[in-house]
Structures are given as C-alpha cells and as structure tokens.
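Report on the structure given below.
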Amino acid sequence: MVLSLCMSQLIHAAVIDQWTFNYRSVKNGAFTNSSRPKFSEKAKTFNATTHGPVDFTKITSTLRLTGETFLTVDEAFTANDMPSDSLSIEAWVMIDSDSAGTVIACSAPNTAAASGWNLGFDGSHFTFTLHSANASAAIESKHQITPGTWYHLAASYDGSVASLYLDSELESQSDTAGGPINYKDAVYTIASDAAATSAQKLHGGLFRIKVHNATLSAEDVRVSFVTAGPVMSPEPVVYFENTGASAGPWLVFAADNSAIVSWETQTPMPSILIYGPEGSLDERIENSTKTQKHSIKIPNLRHNARYSYALVSSVAGKEAVSNNYLCDTFFNYNKARQEQSTSPFSGKRAEAAAQSAEKIIAKIGNAKGLCLDIGSGDAALAYEIARQSGMKVIAVDTDAKNVAKLRKTLRSAGVYGAQVTVKHVDSYTTLPFKDNTFNLIVSGSALLDGRQHDLTQAESLLRPSAMAFLDNSLEPKPKGSVAASADWTHQYGGAHNASYEGESLSGATSIDELDVQWIGRPGPRAMVDRNSRVPAPLSVGGRLFTQGYNRIIAQDAYNGTILWSLELPNSIRMNMPRDAANWCADDEALYIAVRDKCLKIDVENGAILSLFNPADGPDNNTDYDWGYIAQSGDQIIGSTVKTGASYTGFWSGENWYDQHMPGYGDAQGYGAGKVSSDIIFAADRNSGEIVWQHDGSVILNTTITSAKGQLYFIECRNRQILKAANRRIIDKRLFQDLYLVSIDEQDGTKVWERKLKLPSDIPVLYLAYGEGSLVLVTSVDSKKSYEIMVYDSANGNRKWKKSHLWPSDNHSGHMQHQVVVNGMVYVEPLGYDLTDGTVLTENMGRHEGCATYAASSNALIYRGRGRRIAMWDMADESFSAWDRLRPGCWLTTIPAAGMVLSPEAGGGCSCGNWMETSLAFAPLPCPPPAVERSRNRFVESLDVTLTVPKDGAVIRYTLDGSHPDSESPEYRTPVRVTESSTILARAYLPGGASSPESAHRYHEIIPEEAVSVESPQKGIRYAYLDATELPASLESLNLEFSGTAEYFDPSSLDSNSKKAVMFSGLIELPENALYSFHIASNEQAALYIGGKKIGIPKGGSVQQAEIGLKKGLHKISVFSSRNNTVSDLTIEYSTDGIEKLPVTDAMLMHE
Amino acid sequence: MKSLKLKRYTVPFAGLATVILVSLMLSSCGSIPDGEDWPTFRHDTQRSGVSSESIDVTSLSESWAYHSPAAPNPAWSGPAKWDAYAKVNGLRSMRDYDSVFHVASVGNSMFFGSSAENTVTCIDARNGDERWVYFTDGPVRIAPTYSDGRLYFGSDDGFAYCLDAGTGELIWKFSPSPEEPLIPNNGAFISQWPVRTGVMLTDGTAYFGAGMLPWKNSYLCAVDAKTGSTEGENCFTEMLDIMTLEGAMLASDSRLYVTQGRVPPAVFDRSNGDFLGQLPGGGGVFALITPDSRIMHGPGNKTGWITESDSESRERIAQYPLGNAMLATEDRYYILTDTSLSAVDPETRDKLWTSRSNHPFTIIMAGNIIFAGGDKSVAAYNADDGSLLKTFDVDGRAHGLAFSRGRLYVSTDTGSIHCFSR
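So the protein sequences, as listed, match chains R and V.
Here our numbering runs 1012 ahead of the position in the first sequence, where the first position is 1.
Here our numbering runs 248 ahead of the position in the second sequence, where the first position is 1.
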C-alpha cells in the first residue's frame, strides 16, 4: 500500500517525458512519448525519432543498439520545455562496450558551449554532468559498468545538488553547479549526445527512459527501481557471437516451410531455440542432448512471414538468451517445390521413368536448375526428374494434342507450372530458348520409347559443364566450358585486385552486342541498401554469388536459378574503398569472414564445411575478427583485425562512405578511416591451420594483393599507430613509416620491402597487380588528384609515377579503384600505358554516381551517363548503357561466366525509377543491324544506311511495321524514307541464325513556310534595350530601331548606357531542310528564328536546336547583353547535308 | 503507326461457336442470381472496385474455396527493405499487381488467371467446380476480362488471348513483338515482351501493352476485339521507348492510362495511342478513375500515398498520405491505410468518419458495404458510418476482392480463392 502510494505520487507529480523502447511503442521510426500531459506542467509531449536501424533483440523486447542508432526528440522541443531548477532522469540501460557515450542528454552540440546536462558513461563508469549559468557539476558512479548487465540509472538535480544513483544506490553527489541549468543551444538526444559522432553512440540496450520535473528522493528512486525490476532480465545477456569459439547462427530454409537454425557453442549444452511471430519469442524448441554443434528445425512457418528467434544457452541450470534474429520466409526460395505430389503415372513404364531419372540424377550429381525434355513422350520422365531432384522441367513436344493431354495430366497431379510445364513447339531444331540455358537436357520419348529425334540443338542449349541424356543408353553427353569465359573470385576479379580477370565477353563491347540471358530474383528486398559499398558479387564455375542483407544467395549464372541461400546474421561488411571484402571463392568453396570466423561453404549446396579461426591477435585482452580474405593455391590468406574495425553501419547518408577526410577524427571524417590489420597470415584451406603469419605492423587492408605466389601489401610501422586501440584509422600518422612489402605466400618469408613516402591526406589507396607490375593508386585530398605509382613486382623498384586531377570530389570521383588490363592502367579519366605511364587515352568512359569500374578484355563496365549500368568500348571509345538499370555504390556488375552479371544492387532508391531486378546479359551470336547516322528527323526525305553487324550477315528489313523475317527484302543500298517511318531490321548469318530485331524510327518534319517580302533590303536592323535579362518573348517587345547593321556585331554599335541590343530582320536560307543553329557569345545572348527562341548561351556556351524551314526568307532576331564587351558573338547553321557554316552578311536582310 | 502483324492466330468459325456456346453455358448454369457482374479487374475499366449491387452481408458464408497447388509466382520481388540513405522505412511495393489470382465473374462463372500454372480457369460459381482450363506458355498475372461471351487476357508468353468464355476454346491470340527466344524468369520462361497489363475492352476494341525492358521497345496495342486484327477503326500498334507496361490498364472516354510499376502511369490518346505524358506522384499500380474523371494512383515511391490528378490535364489535385487503396463514389472517397478506413468528402476533403482497421490490403464496395482485405480475414464495413459489420476468415493475405451476384470472392497470397454467398 505504501509502495503504490509512493509510486502514484511520483508519477502524478513529475513525469514529463517517458519512452519505453519496445516494438509496440515505435511507429514510423519514432518512439511514442507516453508521459501524460495532464500530469505534466509541460503542454507538449515529444516523441523520440530513431536515426539508424531499429532492432528489438531480447526476450523482453528492449531496443538493441549497436553503436549506429541514436534518437532525437522532436524538433518542436525547446529549452523552455525542460525544467532548469528541479530535474530527475531515470534510464533502464545496458552497456555493451568499453567506450564512452551518452544515454540521454539535453546539451549543446558544441561541448565548449557547456550547457544542459548529459547522463552517460565514460567507458567504465556512469556519468552525470550538468551546467548552470556559471558553474558545472560532473559526477560518476562508484561501481564500474559490467558490459551486458542491465542497470537502473537515476540522476537528479535540485538547483544545488546533483545526485547519481545506480540500481537505487546513491553513488555520487556534487554541489559545484548551483542555480538554474543553462540550456543555451541545447538539443535533446538519446543514445548519443548532440554532436552525434559515431564513436559516442550507445552500444547496448535501452528499456525505458523517464524525465521528471521534480527532484526524486532516494526513496523515489528505490521505488522506481523495485517496481520496474521484474520486467528486466536478471541475467546478463549472452551474445553467442562474441564468446570466442562459438559461432552462428545461420539459417537455411527448406521446401516443407521449415527453417533449420544452426550454431556452435564453446561448451556442450542442450540446444534451445525460442521463436515467434516478429517481436515475440513465445515458442520454445529444445533438444536436451548436450552438444557444441546445435541444429534446431523450426517447423510450419507461414508463407511470406517474419519471425523472431533467439538462442538460449543453458549452463548449470541457468539460461541466458542471445540477441534475437530475423527469420523472414519471403527468402525461402525452396518453397515452390511440391514434395508430396501423387504420381499421375503407374505401372512398369512409371517404374522405368523413375529408374532412369534416378540414374540421370546420380550421374549429374548436384541436380538443380532447369531441365529441358525434348520430345517428352508421356512426360513420365519429366515428372520423375522434377520429383526426385527439385529441378524445374520444361517439356516440349511437336504434337499439339499430346501437349494438351500432358498438361491436364500433370496439372491433375498438382505439379504443373511449379515443377513441370509443357510447351508445344513446331520443331525440335528451332527451339525458342537461349543458348547455354539448361542444366540438363533429356528426351523422354527417346529414353523410354526409343524414338528418334533430331536433337542437334541440344548441345547449344545446355549450359556449360552440363549434361544431356538423349538416348536409352543413358550415356551423358557433356558440354564443355564457354570459350574464354572467366571467373570472378575476389572483390576486384582476382586476389590481384586488377578489376579484370580475363573475361572477354566473346568480344562484346556494347550493350547492343549483349542480350538478356535471364531476369528475376533476387530483388531489392534481399539486398543491403544501394549506398553502402558492399562487397562485389563473385562468380565461379558458372555460379553467381551475391551478398544480400545478412544473407548469401547462390545462383546458376546462366539461368538465374537460385541454387541455395543462407541466412547469415552479422555477415554484413561495408565501405569497400576503406576495407577489404569479406569473401572469396574457388572451385570448391566460398570463404566468408563473419566476425571472428571464416566459414568455408560448399559452393554446390551451401553446406558449411568448416569454421576457421584467424591467427591470434597480439593482445590477449583485445577481441579480434577475421579481416582480409583471399584464396591462393592450397591456402587461405587472411588477416586479423581488431573487433569493431570493419564497417557495418547502413543507415543514413553518413553510411554512403563518400567522405574525403577533412577534419581527421571529427564527425565529417566518419567513414574515411582505413581498416587495417594487425596480422596477415596463411592458413591451410582444408584444415584451417595457420601456416605462417606476419605481424609487428599495421597492414592497410585495401592494399593486400596476391599474385603469382607472392603477397604484397603496405604496412605502417609507426609506434603510435601500433599502440592505438582502433583499427579504423583516421590518424595521419598512419601514413608515416610506410613500407611496401612482398612476402612469399608459401612460407611467409619476406622477399623485398620498400619504404614509401605518401601524403597524409589520402581518402583512398589501393594496390593492384598486373603483368609484373604493382600499381599503387592514392587520391590526395589537398591536390584533388590521383597519384599513380607503378613498381616492379619482382624487386619493388619504381617504374613510373604520374598524377592527374580527380574528376570530381563526390560520388566516388575522388575514390576510384584502378583497372589494370591489356597493358593499361585506367584511373578515371585517364588510361596509362602500364610500362611507362604514357597517357594513351583521356576519353575513358566517365562515371556518374557512386561506383567504380570493372573490365572485360575490351570494355569497361561501370556506372555511366544517366547513372545507368554502362559499357565503354576501349577500342573506339564509344559508350552505351542500359536504361533504368543501376548498380550499387561500388562494384556490383561483373563480367564473368562469359556474361555481364548484374545482381540487383540498386534497391532502396526511393527517388529513382530503377528496375530493381537481377539480370545476366550474354553476348549475341549476331548483334542487330545498326544505323550509321543518329539523326532521326528529316525534311522531305532521308537516306538511312544500315551497318552489317557481322561479316557474311545479310540484313532484311521492313518499312510497314511488320517484323522482318528471312523472306523480307534484303538490304543492299541505303533506305530512303520519305514519310515518318520505322525501319525494322534483322541480320541473318549463313546457316540461318539471326540477330534480334532492331528498330529505327524516323519522323518527317513539315518545314515552316518562308515569309513573303517585297524588295527586302540588305542588312539587319537593331534596337537598344534596357533589359539585363533575356526577353520573355519577342511579342512583348516594342522595338524602336536605331539603325541597320551588316551583321550581328554589338561591338560595332554606338556606345551608350543601354544594357542590351536586339537585332531583327530576315535570313535567307538555301534549301528546304532541317536546320540546326549554333550561337556562341561571351555574353548572354539568344537567337530567335521565326519567333521561336532556340538558344540561350551564357558566357561562351553554345546551344543548338533543330527546326524545319523551307527555302527562302525567315524572320531572325538576335539578343545580346552588353554588360561587358561582346567580343565573339557568332551564329552558324548546319543541315543534314551541310556542315556547320557561318551565317554571312549576304544572308541577312530586312523589310 | 498502324502496322500489319504476323503473330495473330485466329480459329475459323469462332464467332458462330461463341454464340452457340455462350447460350449453352448460360443454359447449363441454371438460374443466375440477381445482381451485377464483375466482368474485369476491379469491376470496370475505371477500376472502380464498386458494384451497385445491394447485399445483406450478414447472410454471407463460405460456400466453397479453391486452393491452387502452388502459390502465386509474382513477377517482381520487393519492395526494398528500406531506403537507408534517405532514412525511409516502410517502402511500398509499386509492382504488386499479381500477388494473388485476381478474379472476374459473370453469371454463374468465375474466371481467374494463374501465375503459377500459366493458365486461365473457369469455375462454376455455385459450387467451385472447375468448368474448363486454358493453358498458355507463360504466367497469367491480371484478371481476365469478360465481354460479349468472350474472355480476354494477357500472358507472359507475349500474347494477348481471346477465348470463348463458355468453353475456353481459343478464338484468337495476338503478339505485337518480334519472335525472340524465351528467357528464364524465376523458373518460368517468358517473352521479353510479356503482356502484363491484362486486356481491357471498350467499345469493341481490346487494349493491352507488351514490354518490360526499358532499353527495348514496348508495344501499346488496340486491336479489334472480335478478330484480334490491328486493322480497323481505333486500332493501332504503337512502339514505345523506355517504358515498362504493367498492371491493369484504365480508360476514360479519351485517354488510356497504363501503370508502369516503379514509374508513374503513362497517359495515351485512346484514339491513336499517342503518348501524352505521365501522371505526377511517383510509381505504383493501384489506380482508379473517379466518377468525376479524376485519376487516383499510388502508392508512390516512398511510404505510401495516393495521388489525385485531373485525368485530362494530368495536373496534381491532391495527395492522400499513407493510402494503400481507395474507392470513389459520387459523393465520397474511401481511403484505406495500414490502420484505418476513412470516408472523405471529395470536394472539401473533410473526413466524414474514420474506423480503425487491420485489413490494409485492398477494398471494394458492393451497395452499402465496403469489404477490406486483411491477413487471414476480410472485414465488411458499413459505408455510411464505418462500423464493422462482419469478418470472414480466409487462408492467407487477402489482396484480391470481387463481388458479383451475391458472391464475395477473396483471393489470397497462398493461391486460394474463397467464395462467400447466401
């Protein structure tokens, strides 16, 4: 009774702000303020808006904070809303780091201003500071903070004494302040102070915060602590991923709408998992068998639903709960398969089909993807292949009646569409599918009935390395690999970092030479936001691997089939310009670093084969993670990096990672710190045993390069840097005591080293290998330039050094990665000769938007004009781009497997019209016909020249809108169009293969009639104007002409105070044509033809427009500002048949 | 530009067969309940979602349910988790036109297309029995349109189809696109010019669009509904640049409106297919034309809004934040959000009433009843005051609703179609 009375008084008297940080109280990113205004002197209540991810990670559903998120109280808040004489703050908080930070503050952004108050922590103790007009108080708790422990923290101020309580115990008091609190420029924030620096954000958890406009007594604090106690977990939270030898969890979805969650613990214990619909953890699954390798199946998950789950450790009868994780069945890519369908076939024939399918599946091994059944017979084999393997089968048949029958049969079995489809075709030799598409090709009627078909097209339809079974011998007919196709095994192609790995794209250098091979999943929902510069996709053995938001998706690169996916919490890594990627692949395995482990994953099925530890870090009291990773021969090259160095933040523009590095160490420099390692090592790729390690320095991750058995990197040996706690380094001393080092990868012995002298204001630096050279590229902030230094990889001798201005200081213009290909080094905007640094091109395709370049043998692939995915032909320096396709902000479109692979990466851009889809583009056997000219408007007639896309090809075309075929007219001479028309053209190769159709549209422009003037006079009249800006229209002017001039020459006119001159008269044009006019001036000027304004140049710029005009006289006016001396007003014209010519005196007249 | 197209397939004597077979169908269906048909996606070419049919909602109960062996296979997956750069949480899908098997219903027949089985199916509305199934070579994503005994729809195989509605026999099919190999798309094989607009019928002309790749041409077609021919009055085939035509088309007297997914809807001259511009307000495939010729569309590019524009001038009139779907009658707008259903005066925009609602996916109206689709249930509200009258349990999320002749059809994301009737 006494207790409840006290609590009631407390609430009624004083609570002005109260936020409870659970999922029920957050809406649109803002936590509701649940204080009751009627009990408050304050008229308003302010919600708290989150800045960063919102994650409720505990069974008590408290807000989990990872140093990325903070909250601000509504902008409407002012200092008048905060009590200054009598104040108390309570916070239920858990701290999970040893750095300093804020729980809640009402203080000025500039700490020098000394205003307001801050309830926070300094890394070991809780703190409370406040500032009155003339003095301050700063107190700290007696007890040290135990990370992972929940506390009730209370602070009060009564106008003279500041008090700090921890779990209701009075810890410290101070009377040094005195007087009303000064709130000048104060901002109200939670989990961060007003400066909101990344280093100061709270890492831990928040349950509730209350602010009172009264001074809580010790008893008030005790009551509050006791009454709120039961909702808090009494046990410290155990984070499995932070416990050294433990690992996980990882989650795999199954076809039966279940998910299997696996994890490992340091000691044997029962396997316990709790889960429920998102935000709840009400269900519990337990296996009492003690083990270190845990696996729990969550059954009966709902279609497209989100669940929370958490792991429970149980040691000596005491349980603790992990973070909670998301299980979103939207990402169950296995769900379409119907495991338990009833076969519509029976008898011996069905048995034969089942046995044949079994043998085929056994022979091809890991059967996944798309199967084509050519001449399917009764489709029994197609059905069995789908049932036994999960492949999607398309059966084709030339017998329309049989097709109808099969469709009904399979549909009645419930497998039509999702597992097997049937299509009628005219012929088995002209099947309507892309080459290199199918993982398996069979012929049901040939295998089971011995029927003979012409199956010669089968090989081309098979994807590389796949097999066909086309007769009852069941002997596979394997297909080889695509000639000249290449893998993309590391971030920049290979461990050499050249951004080129040998992919030729069969010579394709423009988008017209490529066509969609497949389109579809994954879409944007699977991905990290586009801005965060995540690791590049990889491609090995015809597979495409993409990292999504804490997940890996493996696809068949040739048909987009999702082969497997793995939900992998904590795997996100970002800011590739300042760190190394977290993954690489070889023919057998994918290796991915997740915190303090490297997971070795089977590339075929996603099974986790092994967990490797990095080499031990130098300090026993420091946590380390696995940093860099590369595969080389039988070894994995790795690095050991201090925990927390890698970038994982993904919320807000700050995580765009486009910063230079102005103001080292301040908020603006956030994201520019270079992630660096303490140790680099080699581990056996099978056992994970450390073979050798190199330590004693700080190694810059973006420079680690492996090529031809040697490892190269830049290391810093500065003692202060070595001693520093952080390995996301923004200290300028990182660029002192620098060495370029070469190590033998087999035994770790040093081959050579070279001392480097680099500037200290480097936004990015990269090392790459190509053709016996090491290419070091740095950008230099003070010079706004790139420096390119090339060294002999054998001995470290410098070959050459060049420098050029960077193209821009934003959107990655200042942080481009080099491309080393074909004896060239490309660093935007220049291409250098790798041997001597000669500039060979200045016309490199310019990037737009945040991304960097990859290369095939003949083209650069990047984000180009219009911010689209683009190609730049190295030979003819031409540009092409796919409309409405955008890459992510770094390197997300790669040339590999003989194709351009572009997994979705632009997702989340709410301001764009991007397609948001994954695709692959394959080279065309024959590109479509192009035209030699780009003009598509004409007057009277136009001759169109088509270009033959390939030697020996014949172009056939139409002008009537029908699609051209092999019977259409053959193109021999330029096509004359005399009215608005579309030329549809298709090229045919000898043998019958054809290009896609190309469409070229031409619009007839009806020219404006000439004016009829009797006896026109030579020269053009002029009038002075007071206007300083361009007239809105000629009609609005009432010109009083001052005279007649021979030409538009303002400098020849009288000097007077008028600001502008307008020439007006007639121009005589020589023919009916589509005219382009060009105007240039060092002043503001405009040209009017026939009353239409067609150019507004400023300061020498030139604009032009096309206008159809008939032969004869047309009205012309020219406006020129006279603010300065007009020195070079020129007017020129051109037509389809006339190169640019000046408008001459002889052409100018007046009425 | 008018053009002769090659890929048109016509079945001889189909017209005569149609008359005979529709008669057979009607006679075999027994008596047809009073009420209104729901012959196309959201009832009509304005996509109003409104039927004038009066009903006693308390008398409705589940009479049958159809369960597809496989869930719908939507064309696109999304939306993105968030726009982290711009700090926008809760992005809405702008391409969710095929999350369920939407239905049309005429007489005692109900029709739907399947993105899982590549089919169009006719169901006996009285008992849920299957009457016929027609197979195409690609997913069918938009509800078929019934007109004059025929059924029209589009498929990802690149064709627009016309069937005899009574028998499911093909009358004609037509593709405006060139013949190119099919491409894999989430396990299916589709044309690079899929017909994802459905087929819309007005005044004897069938309208549809084909194309999804902006770097290739797309096609807007108006063909003779009887023959599928591009020759004839009001017929055309327009080749378009940088467009993605997807979602059910709409028509006013003079305009065609084609939603474009992540791009604002495109507006065309209905008489010749000339492109007139885009609507303001961002992308999305929800759209309707109000009785006073305003066009609503959404949910836009961020957290959801419905933009009201003048259907002729395309000028923006208003924007309704957080709107997922709307209805428009002569004197009221009804706006559905994640948490509420509201009635608004169209002129003053004053809210007439607001009811809390946890049925956020879609709304339709029959007589005085508003049905709202939710997760595992559908709610019926009194349109006069927003009071909740009844709920109906369903399997999955109810993104598709239709009402015809006393029957409420509910399509869910599990591939189920529930029928509730007297």
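Beta carbons are placed, not taken as given, at the ideal position from N, Cα and C, and that holds for glycine.
- Under a 10 Å Cβ-count criterion, PRO1547/R is classified as buried, with 16 or more other Cβ atoms of the shown protein chains found around its own Cβ.
- The continuous alpha helix (DSSP H) containing SER1401/R extends over residues 1392-1401.
- Note that the region 1914-1930 of chain R touches the region 1534-1543 of chain R; at least 3 beta-carbon pairs, one per stretch, sit closer than 8 Å.
- In the DSSP assignment, ASP1804/R falls within the unbroken beta strand (DSSP E) covering 1797-1804.
- The C-beta separation of MET1827/R from SER1791/R comes to about 6 Å, placing the pair in contact by the 8 Å criterion.
- Contacts between TYR1319/R and chain V, judged by CB atoms closer than 7 Å, are missing: the closest CB pair is about 15 Å apart.
- Along the region 1657-1675 of chain R, the positions whose C-beta sits under 8 Å from a C-beta of chain V are PHE1662, TRP1663, SER1664, GLY1665, ASN1667, TRP1668, read in chain order.
- The C-beta of SER302/V has fewer than 16 other C-beta atoms within 10 Å across all chains shown, which makes the residue exposed.
- Secondary structure at ILE1523/R: helix, using DSSP grouped into helix, strand and coil.
- Beta-bridge partners of TYR1319/R (DSSP): PRO1289/R, CYS1339/R.
- For the region 1510-1541 of chain R, the residues whose beta carbon sits under 9 Å from a beta carbon of chain V are, in order, ILE1523, ASP1527, VAL1528, GLN1529, TRP1530, ILE1531, GLY1532, ARG1533, PRO1534, GLY1535, PRO1536, ARG1537, ALA1538, MET1539, VAL1540, ASP1541.
- Judged by their CB atoms, ALA1392/R and VAL1432/R are not nearer to each other than the 7 Å cut-off.
- Taking 4 residues as the minimum length, the region 1110-1161 of chain R contains no alpha helix (DSSP H) run wholly inside it.
- In terms of Cα proximity to ALA1458/R, the closest of TYR1440/R, TYR1200/R, ALA1167/R is TYR1440/R.
- The region 1108-1122 of chain R and the region 1213-1228 of chain R touch, with three or more beta-carbon pairs separated by less than 8 Å.
- Using a Cβ-Cβ cut-off of 7 Å, THR555/V does not count as an interface residue toward chain R, since no Cβ of chain R sits closer than that to its own.
- In this structure, THR2056/R is the residue among ALA2011/R, GLU2009/R, THR2056/R, LEU2051/R with its C-alpha nearest to the C-alpha of LYS2030/R.
- Residue pairing from DSSP places HIS1306/R in a beta bridge opposite TRP1275/R.
- Only those residues of the region 1544-1571 of chain R whose C-beta falls short of 8 Å from the nearest C-beta of chain V are listed: SER1544, TYR1561, ASN1571.
- For LEU1418/R, no beta strand (DSSP E) encloses it; the enclosing alpha helix (DSSP H) starts and ends at 1412-1424.
- In this structure PHE2075/R does not touch VAL2023/R by the C-beta definition: roughly 17 Å separates them, more than the 8 Å allowed.
- The beta-carbon of THR662/V is placed less than 7 Å from the nearest beta-carbon of chain R.
- The CB of HIS2012/R never comes closer than 9 Å to any CB in chain V; the least such distance is about 11 Å.
- Using a Cβ-Cβ cut-off of 7 Å, HIS1823/R does not count as an interface residue toward chain V, since no Cβ of chain V sits closer than that to its own.
- Looking at the DSSP output, GLU2083/R bridges to nothing.
- In this structure, SER1168/R lies near LEU1228/R, with their beta-carbon atoms less than 7 Å apart.
- Annotation: Cβ neighbours of ARG510/V in chain R (cutoff 9 Å, chain order): ARG1896, GLY1924, ASN1925, TRP1926, MET1927, GLU1928.
- Contact between GLY1456/R and GLY1389/R is confirmed by a C-beta separation of about 4 Å, below the 8 Å threshold.
- When the five nearest sequence neighbours on each side are left out, the beta carbons in the same chain lying within less than 8 Å of the beta carbon of ILE1613/R are those of ILE1564, LEU1578, ALA1601, LEU1602, TYR1603, ILE1604, ALA1619, ILE1620, LEU1621, in order along the chain.
- Contact between GLU1290/R and SER1320/R holds, since their C-beta atoms are separated by about 5 Å, short of 8 Å.
- Of all residues in the region 1872-1895 of chain R, those with a C-beta nearer than 7 Å to a C-beta of chain V are TRP1894, ASP1895, reading in chain order.
- Taking all protein chains in view, the Cβ of LYS1491/R is crowded by 16 or more other Cβ atoms within 10 Å, so the residue is classified as buried.
- In the structure shown, LYS1744/R adopts helical secondary structure according to DSSP, grouped into three states.
- Per DSSP, reduced to three states, the secondary structure at SER307/V is helical.
- Under the three-state reduction of DSSP output, TRP380/V falls in the strand class.
- Distance from the CA of ILE1742/R to the CA of THR1078/R, rounded to the nearest whole angstrom, comes to 21 Å.
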